[in-house]
Amino acid sequence: MRRRHFVFPILILSAACSRAPRVANDVEIVPAAKLTLDPNDAVWRDAPVHAAKLLLQDLVEPRLMKPSTAEVRVQAVASGNEVAFRLHWMDATRDDQSSPGRMVDSCAVQLPQKTEKDAPAPQMGEAARGVEITMWRADWQAYVNGRGDTIRDVYPNAAVDHYPFEAQSLAPGSTVQSEMAKRYAPAAAVGNRRVGPRKSPVEDLLASGPGSLSPNAAGTSTGRGERTKEGWAVVIQRRLPDGLSPKVRSQVAFAVWEGSQQEAGARKMRTGWIPLSLKESSK
Amino acid sequence: MARVFNWQLGREMSYWYPESRPQKQFAAVFDTNKCIACQTCTLACKTTWTSGKGQEYMLWNNVESKPYGSYPQAWDLKLLDMLEAGKWNGNVYEGKTIFESAPAGERVMGWRPEDQDYSYPNVGEDDCAGQVDHGALMSLPHMQWFFYLARICNHCSNPACLASCPRGSIYKRQEDGIVLVDQSRCRGYQECVRGCPYKKVFFNPMTGTSEKCIACYPKMEQGMQPQCFVNCIGKIRMAGYINRPEKARGDNPIDYLVHVKKIALPLFPQYGLEPNVYYIPPVNVPSSFRQQLFGPGADAAVAAYRNAKNDPDLAALLCLFGCTESMMTHWNRQGDWVSASDDQGKQLVKVPVKEPVVIRPAFDPKQQLVRINCP
Numbered sequence: 043m044r045r046r047h048f049v050f051p052i053l054i055l056s057a058a059c060s061r062a063p064r065v066a067n068d069v070e071i072v073p074a075a076k077l078t079l080d081p082n083d084a085v086w087r088d089a090p091v092h093a094a095k096l097l098l099q100d101l102v103e104p105r106l107m108k109p110s111t112a113e114v115r116v117q118a119v120a121s122g123n124e125v126a127f128r129l130h131w132m133d134a135t136r137d138d139q140s141s142p143g144r145m146v147d148s149c150a151v152q153l154p155q156k157t158e159k160d161a162p163a164p165q166m167g168e169a170a171r172g173v174e175i176t177m178w179r180a181d182w183q184a185y186v187n188g189r190g191d192t193i194r195d196v197y198p199n200a201a202v203d204h205y206p207f208e209a210q211s212l213a214p215g216s217t218v219q220s221e222m223a224k225r226y227a228p229a230a231a232v233g234n235r236r237v238g239p240r241k242s243p244v245e246d247l248l249a250s251g252p253g254s255l256s257p258n259a260a261g262t263s264t265g266r267g268e269r270t271k272e273g274w275a276v277v278i279q280r281r282l283p284d285g286l287s288p289k290v291r292s293q294v295a296f297a298v299w300e301g302s303q304q305e306a307g308a309r310k311m312r313t314g315w316i317p318l319s320l321k322e323s324s325k
Numbered sequence: 178m179a180r181v182f183n184w185q186l187g188r189e190m191s192y193w194y195p196e197s198r199p200q201k202q203f204a205a206v207f208d209t210n211k212c213i214a215c216q217t218c219t220l221a222c223k224t225t226w227t228s229g230k231g232q233e234y235m236l237w238n239n240v241e242s243k244p245y246g247s248y249p250q251a252w253d254l255k256l257l258d259m260l261e262a263g264k265w266n267g268n269v270y271e272g273k274t275i276f277e278s279a280p281a282g283e284r285v286m287g288w289r290p291e292d293q294d295y296s297y298p299n300v301g302e303d304d305c306a307g308q309v310d311h312g313a314l315m316s317l318p319h320m321q322w323f324f325y326l327a328r329i330c331n332h333c334s335n336p337a338c339l340a341s342c343p344r345g346s347i348y349k350r351q352e353d354g355i356v357l358v359d360q361s362r363c364r365g366y367q368e369c370v371r372g373c374p375y376k377k378v379f380f381n382p383m384t385g386t387s388e389k390c391i392a393c394y395p396k397m398e399q400g401m402q403p404q405c406f407v408n409c410i411g412k413i414r415m416a417g418y419i420n421r422p423e424k425a426r427g428d429n430p431i432d433y434l435v436h437v438k439k440i441a442l443p444l445f446p447q448y449g450l451e452p453n454v455y456y457i458p459p460v461n462v463p464s465s466f467r468q469q470l471f472g473p474g475a476d477a478a479v480a481a482y483r484n485a486k487n488d489p490d491l492a493a494l495l496c497l498f499g500c501t502e503s504m505m506t507h508w509n510r511q512g513d514w515v516s517a518s519d520d521q522g523k524q525l526v527k528v529p530v531k532e533p534v535v536i537r538p539a540f541d542p543k544q545q546l547v548r549i550n551c552p
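Read top to bottom, the protein sequences are chains A and B. Residues 43 to 325 (the working numbering) make up the first sequence, in order. Residues 178 to 552 (the working numbering) make up the second sequence, in order.
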């Protein structure tokens, strides 16, 4: 049967759709009816944008000596007890596969653990004055989006003769089989949360100074990142910081890692603290 | 950076952390002249520790056909080129180590292999070493083959992997000096891969963490030598504990070979890590190449090794290589016999320095058959 093809007239976009969001000097969290992890959702159309200049992490070794990502554009919306940040930055290369010598594109949002007048040191906090960090990684996003978690997903032509824990005598998925598999994955055996396959593209972390990053078991953050024409757009949703209110401001900081430039860990582009305010609902 | 004394360089040097010596230091001696590159050690390690997902390419133990074989590719040439030649004044190294050469913003001078660098476990293996009928197709600075170099983690006294990790995820055990990656703490930044000049830390893409040789510490804790040692067909390896030169004990097998006879030398001491795997250098390679790998004592070590037939104690100790699975901490020669014991004085093994020669007649009257000498 022949299909009929229809040509729809191109609708003229409304003025509201084409209007660029307001530029803000700080990061302003504006109220939203509902939060979304979709970086292309309409909720972001009107949220004010803060263009955060990124600085080299050149305070502690190993330092980043060559600048890469120049700026991250940040928007924030809140609903109920949750806040969602949308980070958008330019990145010509998609680096979403971690392997020997290959780093991944990533970003992170950092907030003080306590909302106080004086924020702790912006470089991952300080002793007894910690920070909460939520990190998104492009490789975890790829796993969540359906990429497999085997060596052939990294190297399609890899030849593997045999894994001991996949012997015919071991029933797939059995306790014996999974216990044996763990023996050959030491990080999994000791509960390292970086072990794949990931169910979420983000990770909640705590820090109290450089080199002190640790998992935040109480964290409930979620997120989603998408490749755009220019780079990445990532939404990170987390609990609103305790103490933050329309009358009490806090601080927020961001970091971006450019995988193609071998950035990981301390080698990153980052901001200092940026004032964070929660706007009252006009309704 | 702190200042530490590196006895292999005969001087103080810069290191990221202050000097901290373990109670005991795991060490090993490999006799390069006995290695035939059968790779049994490689397989022993592989089947024991790295048969998991993400570990497919890992060779915590490997054997390279030197001068060109290398895993990962050009691990030695690349850093030697970056470091540039440093001079020795006698036994004192006057050049810069990788810590002293660290560029601004770095803890060590290092480089990170690309994944393709792990594609060839041993370039040059089984290449012909002599002249082919119609001449070689290409000429290289060295002969295609000099000797076989077996490698594991050196469990260095000044580990560059440990110094490189910004999270302190790598530690050196106080009880035996073994260097380990804390698998619960590692976040896979691969700084250790970049920092280790021997490229003996490997990134596991499935777990997102770095992994390395653990010197089979569960065996060592039971008083046994690691898997790659006990499975060595050529009996080229001996594991034990080494003391500082000023505390060397002549009845400690490792001390005797390294400090007393000085026939076992560290690999690339000029890097400054004070590696704890010591090599009896190969006898049949150019002296300059040998010294680049094993330092200024390499020729004297070869001379002492060649003279072992006239040195009853050295000849006896060399017979203990590969004779027992147990860790030997003491040794003793009595006449034509040599024995080894543990810290409790329990004798572990006793072997003759010269195996008795038994000549069997060609015809066996009991079995009524003629024996054939197989080549």
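C-beta: ideal position from N, C-alpha, C; glycine also. Just so it is clear, the structure is predicted and the values come from calculations on it, not from any experiment.
Tell me the DSSP secondary structure of residue i in three-state form.
| i | result |
| --- | --- |
| residue 349 of chain B | strand |
| residue 220 of chain B | helix |
| residue 511 of chain B | strand |
| residue 312 of chain A | strand |
| residue 486 of chain B | helix |
| residue 123 of chain A | coil |
| residue 307 of chain A | coil |
| residue 82 of chain A | coil |
| residue 183 of chain A | helix |
| residue 465 of chain B | helix |
| residue 264 of chain A | strand |
| residue 248 of chain A | strand |
| residue 51 of chain A | Residue confidence is low: residue 51 of chain A scores 41 on pLDDT, short of 50, so the model does not pin down where it sits. No coordinate-derived value is stated. |
| residue 199 of chain A | coil |
| residue 320 of chain B | coil |
Please tell me whether residue i has its Cβ less than 8 Å away from any Cβ of chain A.
| i | result |
| --- | --- |
| residue 433 of chain B | no |
| residue 393 of chain B | no |
| residue 363 of chain B | yes |
| residue 228 of chain B | yes |
| residue 383 of chain B | yes |
| residue 366 of chain B | yes |
| residue 354 of chain B | no |
Spatial neighbours of residue i within its chain, please: C-beta separation below 6 Å, excluding the five flanking residues on both sides.
| i | result |
| --- | --- |
| residue 450 of chain B | 333, 335 and 337 |
| residue 491 of chain B | 438 and 485 |
| residue 250 of chain B | 294 |
| residue 365 of chain B | 385 and 386 |
| residue 476 of chain B | 464 |
| residue 315 of chain A | 161, 164, 293 and 295 |
| residue 143 of chain A | none |
| residue 509 of chain B | 516 |
| residue 407 of chain B | 502 |
Can you confirm whether residue i, when its beta carbon is compared against all beta carbons of chain B, has any partner nearer than 8 Å?
| i | result |
| --- | --- |
| residue 234 of chain A | yes |
| residue 244 of chain A | no |
| residue 192 of chain A | yes |
| residue 307 of chain A | yes |
| residue 57 of chain A | Low per-residue confidence applies at residue 57 of chain A: pLDDT is 42, beneath 50, and the placement is therefore not dependable enough to give any value. |
| residue 133 of chain A | no |
| residue 267 of chain A | no |
| residue 196 of chain A | yes |
| residue 164 of chain A | no |
| residue 105 of chain A | yes |
Whole-angstrom Cβ separation of residue i and residue j, contact assumed at under 8 Å?
| i | j | result |
| --- | --- | --- |
| residue 237 of chain A | residue 384 of chain B | 5 Å |
| residue 351 of chain B | residue 199 of chain B | 5 Å |
| residue 397 of chain B | residue 353 of chain B | 6 Å |
| residue 497 of chain B | residue 517 of chain B | 5 Å |
| residue 417 of chain B | residue 505 of chain B | 6 Å |
Can you list, in chain order, the residues of its chain whose CB lies under 7 Å from that of residue i, leaving out five sequence neighbours each side?
| i | result |
| --- | --- |
| residue 529 of chain B | 513 and 514 |
| residue 278 of chain B | 260 and 286 |
| residue 409 of chain B | 217, 218 and 499 |
What does a CB cutoff of less than 8 Å around residue i pick up in its chain, not counting 5 residues either side in sequence?
| i | result |
| --- | --- |
| residue 255 of chain A | 166, 175, 247, 248 and 249 |
| residue 121 of chain A | 73, 74, 75, 76 and 77 |
| message | Would the region 221 to 233 of chain A count as touching the region 154 to 168 of chain A if we require 3 or more Cβ pairs under 8 Å? | response | no
| task | Kindly confirm or deny that the region 128 to 144 of chain A and the region 198 to 212 of chain A touch, where touching means at least three C-beta pairs closer than 8 Å. | result | no
| field | Given 8 Å, three or more beta-carbon pairs between the region 211 to 230 of chain B and the region 292 to 303 of chain A | value | no
| message | Counting beta carbon pairs with one atom in the region 207 to 226 of chain B and one in the region 259 to 273 of chain B, are three or more of them shorter than 8 Å? | response | Result no; under three Cβ-Cβ pairs closer than 8 Å.
| query | Counting pairs of Cβ atoms below 8 Å between the region 83 to 95 of chain A and the region 113 to 130 of chain A, do you hit three or more? | reply | yes
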